[in-house]
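Heads up: the structure comes next, in structure tokens.
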């Protein structure tokens, strides 16, 4: 019998990887899509704490619309353990997932000095790579979601 790699039934196929480089089970893009769908469907609504944290994050990013790592970490710090426990921690999970997106600003933060985050497999994607483009789309959509959550407007 030839030596063939053994694949367990639950192992995803390589094509199942999101363009940002994550497997669907841990992909921040998927977290955002699911949360937006649930918010639109009425099965998820932000709690007062989640609105407050979203408001702080929206205010911090109001000038440039960028959810930088420092801003997201500050929002998670402000929410503390209570944010993780409210609504099954879905907003906290989304924000934490944003921190693991590949670097999207050419290897550095929006100001050119601070690295934004780490790529999922240790590689820094090229600014024009699929992973970088998907990360930018996810961060832009997440910013819109955070602003909508803070303001109470429709998703």
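Numbering (my numbering), first residue to last: -6 to 148. In this text, a Cβ means the ideal position worked out from N, Cα and C, and glycines have one as well. Because the structure is a prediction, the values reported are computed rather than measured.
Ordered list of alpha helix (DSSP H) runs contained in the region 20 to 51, each at least 4 residues
21 to 34
Leaving aside the five residues before and after residue 93 along the sequence, list all residues of the same chain whose C-beta is less than 6 Å from its C-beta, in chain order.
none
Quiz item: Where residue 73 and residue 82 are concerned, what is the direct C-alpha to C-alpha distance, given to the nearest angstrom?
Solution: 11 Å
key: Cβ neighbours of residue 23 in the same chain (closer than 6 Å, five flanking residues each side left out)   = 17
Checklist entry - Run through DSSP, which three-state label would residue 144 get? => result helix
Exercise for review: Can you have a look at residue 142 and say buried or exposed, based on whether 16 or more other CB atoms are within 10 angstroms of its CB?
Suggested key: buried
- Alpha-carbon to alpha-carbon, residue 77 and residue 51: 19 Å
Any idea what DSSP makes of residue 55, helix, strand or coil?
coil
Q.
Please state whether the Cβ-Cβ distance between residue 12 and residue 124 is less than 8 Å.
A. yes
Does the separation of the CB atoms of residue 232 and residue 75 fall below 8 Å? This structure leaves residue 232 out entirely; the chain is present only between -6 and 148.
Practice problem: Just confirm the distance between the C-beta atoms of residue 91 and residue 21, as a whole number of angstroms; I'd bet it's less than 8 Å. | Solution: 5 Å
- Does DSSP put residue 138 in a helix, in a strand, or in coil? helix
Problem set entry | Buried or exposed (CB count within 10 angstroms, at least 16 for buried), residue 139 | buried
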